[in-house]
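Just so you know, we're using this note's numbering here: the sequence shown kicks off at 24 and counts up by one. One structure is given here, and the rest of the page talks about it.
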Amino acid sequence: MFQRLSTAALALLSTALPVLATEVNIYSHRQPELIQPLANAFTAETGIDVNIAFVDKGMAERLVAEGDRSPADLVLTVDIARLAQVVEAGVTQAVQSDVLTANIPATLRDAGNQWFGLTSRARIIYASKDRVADGEVTTYEDLESDKWKGRICSRSGTNDYNVALLGAVIAHHGEAAAKTWAEGLKANLARKPAGGDRDQAKAIWAGECDIAIGNTYYMGQMVNDPDQKAWADSVRIVFPVFEGDGTHLNISGVAMTKAAPNRDAALQFMEWLSGDEAQKIYAETNHEFPVKLGVERSALVQSWGEFTADSIDLATVAAARPAALRIMEEIDFDG
């Protein structure tokens with residue numbers, strides 16, 4: 024009789040308790056191959072599967088359309104403005120976590136706990152080792168100087184990374200000065216904007232231009248690609264600063280969706296991503312800057328030297344995105 028009563032009790036208990044989630048579903052702006060090493064390590068440690076759907080465009084719109092039926096638990100994306108967009112669309116929820124608060128500096132997370140930075144990267148200058156002298160370019164403001172006429176390469180002006188940089192210019196100098204800066208940068212282009220950041224390094228290697236704007240981690244990717252190493256070897260990394268301030272940073276980050284059908288597992292993954300193991304994977308695999316204090320940058324990234332980060336808050340940069348995008352379109356930067 025004890026066994027029968029125990030079985031009945033267990034049956035009742037199983038209907039009363041929720042089934043623990045065994046998966047996390049992610050919508051990612053980042054290519055899955057960049058996230059997969061992290062997903063694999065998390066699954067190996069916890070037994071929780073990580074399912075990644077690559078969503079290149081329209082993520083906020085997709086989440087709005089799906090509403091409470093969305094299968095997505097988390098959004099992983101690059102660029103502070105993209106994080107701000109999903110929050111503004113009303114498809115995320117605040118997350119209270121002592122782990123996230125302890126691991127991620129306040130300047131790299133939302134004051135309302137809607138998004139959290141996981142890595143950072145600097146928007147730097149690739150400079151030809153052969154045609155650009157040390158100290159010849161030191162500030163972002165200098166990029167509009169006539170001395171760079173016909174010597175700069177750039178990807179599209181409406182690319183998120185360049186829009187964020189222009190947003191930082193707006194934050195420092197105002198819209199009018201930022202438009203003048205963008206016009207000066209356009210006037211100094213050696214060719215019509217095209218390709219990604221690595222294509223700009225390739226153009227320097229090919230002699231099409233002398234300097235270009237790019238993210239730090241692309242240098243790491245080129246150094247480790249036999250087909251692209253020559254491009255990286257042809258340039259020197261320069262950490263430009265805003266006059267009187269520091270180097271522009273952007274982030275990759277995470278937000279929990281409002282629907283989040285696997286909330287507990289999703290929170291566990293968020294916290295894990297901010298911890299030592301994941302931060303080290305980010306550093307060694309993607310050549311990004313860890314956000315958690317005490318986790319070192321990769322040896323390659325350390326070899327590029329130290330820099331002072333810009334003091335402008337990333338939320339302020341995100342707020343300037345509409346004006347920055349409008350300026351790029353008004354001056355027909357890509358035309």
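Positions of the beta carbon are idealized from the N, C-alpha and C atoms, including for glycine.
| Asked | Found |
| --- | --- |
| The region 157–170 contacting the region 200–217, beta-carbon criterion three pairs below 8 Å | yes |
| Threonine 45 burial status per 10 Å Cβ neighbour count (16 or more: buried) | exposed |
| Valine 73, DSSP secondary structure in three states | strand |
| Extent of the continuous beta strand (DSSP E) run through leucine 97 | 97–101 |
| Cut-off 6 Å between Cβ atoms - residues of its own chain near serine 179, not counting five sequence neighbours on either side | Pro216, Asp357 |
| Delimiting residues of the beta strand (DSSP E) encompassing arginine 146 | 139–151 |
| Straight-line gap, leucine 316 to aspartate 121 (C-alpha atoms, nearest Å) | 15 Å |
| Contacts around alanine 213, its chain only, beta-carbon distance under 7 Å, and the 5 residues preceding and following it disregarded | Gly173, Arg174, Ile175, Cys176, Glu231, Cys232 |
| For isoleucine 274: DSSP bridge partner residues | Ser143 |
| Straight-line Cα distance separating alanine 67 from isoleucine 350 | 47 Å |
| Cβ neighbours of glutamine 325 in the same chain (closer than 8 Å, five flanking residues each side left out) | Glu319 |
| Separation of alanine 200 from alanine 210, as counted between CA atoms | 15 Å |
| Euclidean distance between Cα positions of glutamine 119 and valine 73 | 22 Å |
| Histidine 310 CB to nearest heavy atom of the ligand SAM below 7 Å | Among the components of this structure there are no ligands whatsoever, and the ligand SAM is therefore not found. |
| Glycine 190 versus alanine 341: straight-line alpha-carbon distance, rounded | 7 Å |
| Pairwise C-alpha distance: alanine 117 and asparagine 22 | Within the shown structure, residues of the chain are numbered from 24 to 358, placing residue 22 beyond reach of any answer. |
| Meets three-Cβ-pair contact criterion under 8 Å: the region 72–86 and the region 236–255 | no |
| Pair within 8 Å by beta-carbon distance, valine 277 and leucine 99 | yes |
| Residue closest to aspartate 256, alpha-carbon to alpha-carbon, out of Lys281, Gly328, Ile227 | Ile227 |
| Buried versus exposed call for isoleucine 147 [16 or more other C-beta atoms within 10 Å across all chains shown] | buried |
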